[in-house]
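Peer 1: For what it's worth, numbering that gives the first Met the number 0 labels the leading residue of the sequence shown as 0, then goes sequentially.
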Amino acid sequence: MKAIKVRNGTGSEDAFYLADTPGPHLTSDDILVRIHAFGVNRADLMQREGTYPMLPEYGDILGLEFSGVIEEKGPDASDTFQVGDNVFGLTSGRAYAEKVASSEKTLLHLPKELLWEEAASLPEVFFTSVQAMRLVSGLKSGENVLIHAGASGVGLATIQVAKLFGANKVFVTAGSEEKCQLCKSLGANFAINYRSDDFAKVIRQETGGRGVDVILDMVGANYWTRNVDSAALDARIVVIAYLSGNKIVDFDMRQWLGWNFYFLMAKG
Numbered sequence: 000m001k002a003i004k005v006r007n008g009t010g011s012e013d014a015f016y017l018a019d020t021p022g023p024h025l026t027s028d029d030i031l032v033r034i035h036a037f038g039v040n041r042a043d044l045m046q047r048e049g050t051y052p053m054l055p056e057y058g059d060i061l062g063l064e065f066s067g068v069i070e071e072k073g074p075d076a077s078d079t080f081q082v083g084d085n086v087f088g089l090t091s092g093r094a095y096a097e098k099v100a101s102s103e104k105t106l107l108h109l110p111k112e113l114l115w116e117e118a119a120s121l122p123e124v125f126f127t128s129v130q131a132m133r134l135v136s137g138l139k140s141g142e143n144v145l146i147h148a149g150a151s152g153v154g155l156a157t158i159q160v161a162k163l164f165g166a167n168k169v170f171v172t173a174g175s176e177e178k179c180q181l182c183k184s185l186g187a188n189f190a191i192n193y194r195s196d197d198f199a200k201v202i203r204q205e206t207g208g209r210g211v212d213v214i215l216d217m218v219g220a221n222y223w224t225r226n227v228d229s230a231a232l233d234a235r236i237v238v239i240a241y242l243s244g245n246k247i248v249d250f251d252m253r254q255w256l257g258w259n260f261y262f263l264m265a266k267g
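1) Could you tell me which of L134, G137, V144, C179 sits nearest to S151, measuring between CA atoms?
2) Assuming N143 contacts T206 (C-beta within less than 8 Å), just tell me the rounded distance between them.
3) Is G208 near the ligand MG, going by C-beta to nearest heavy atom under 7 Å?
4) Could you give the first and the last residue of the continuous alpha helix (DSSP H) run that contains T172?
5) Shortest alpha-carbon distance to F125 belongs to which of A119, D75, K98, V153?
6) One question on the structure: do Y193 and G219 come within less than 8 Å of each other, judged by their Cβ atoms?
7) Can you list, in chain order, the residues of its chain with a C-beta nearer than 7 Å to that of E48? Leave out the 5 residues immediately preceding and following it.
8) Return the CA-CA distance between I69 and D196, expressed in angstroms with no decimal places.
9) Which stretch, first to last residue, makes up the alpha helix (DSSP H) that contains A156?
10) Within the same chain, show all residues whose beta-carbon is closer than 6 Å to that of T105, passing over the 5 residues directly before and after it, in chain order.
11) Which residues does DSSP list as the beta-bridge partners of R33?
12) Spatial neighbours of S27 within its chain, please: CB distance less than 7 Å, with the 5 preceding and 5 following residues excluded, ordered by chain position.
13) Throw me the rounded Cβ distance for the D216 and V201 pair, which I believe falls under 8 Å.
14) If distances are taken between C-alpha atoms only, which option among L114, L163, A148, P122 comes closest to M308?
Following this line, the structure appears as structure tokens:
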């Protein structure tokens with residue numbers, strides 16, 4: 000089959016080239032999908048640049064999300080999907096190709112309202128959002144939420160997911176007024192420009208000092224102290240990335256003793 004690879008393993012977008020490569024190996028419960036479209040994510044860009052290593056079993060073909068048509072099923076795959084079904088889904092690599100072998104656990108049937116390209120852009124951000132909001136944090140109806148990097152793909156998805164699950168007030172941080180307005184247009188109640196405002200102070204003010212129940216953070220170390228300051232009693236802080244660094248300087252355990260909250264990691 001044909002696949003898009005990166006010449007010499009890493010490089011700029013100019014390093015992409017079209018190559019002949021063996022087709023995917025189908026295990027007993029895998030689904031083989033002929034790809035119609037694939038998404039491009041931050042993780043893809045970082046892997047291409049060599050700053051975010053790929054899983055060894057996926058070799059040198061990038062790509063985490065896709066849409067396409069089921070071409071073959073492993074003998075132990077369930078009856079949920081059939082050959083010929085239009086689907087979209089998530090994988091850990093190798094989506095920049097004509098075919099991909101996917102677990103049926105990360106596949107969905109393609110709604111007729113969606114184009115191939117639209118469907119291929121959804122799995123990474125929305126699967127991550129649902130995982131963080133529902134499966135990891137256990138967001139309940141009526142709770143308040145803080146979403147960092149609100150104008151990122153995951154951020155924009157999580158605004159909508161949080162509202163869908165009944166969040167009361169949704170706070171987001173973003174780096175410009177334009178991005179703040181975008182977040183509000185998708186349902187955020189408060190969009191805080193982190194370049195000019197202290198999000199912890201805004202949250203305390205707008206919640207009457209109570210704080211938020213769930214925090215989704217992909218920034219990391221630089222936000223640790225203010226995340227704690229923003230947290231309500233029994234809050235859940237869910238970290239899916241640490242773009243500002245993973246080491247917290249001057250960590251003070253007394254912050255944990257003064258306020259009950261849960262620190263959770265989720266694989267984004």
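Beta carbons are placed, not taken as given, at the ideal position from N, Cα and C, and that holds for glycine.
None of the values given here were measured: they were computed from a predicted structure.
Peer 2: This is what the structure holds:
1) C179
2) 6 Å
3) This structure simply doesn't include the ligand MG, nor any ligand for that matter.
4) Note, T172: premise wrong, no alpha helix (DSSP H); beta strand (DSSP E) at 169-173.
5) V153
6) no
7) T9
8) 49 Å
9) 152-163
10) G88, L89
11) V68, K98
12) G73, P74, D75
13) Contact doesn't hold; Cβ gap of about 16 Å is too wide.
14) Because the chain is modelled from 0 through 267, residue 308 falls outside the range shown and cannot be assessed.
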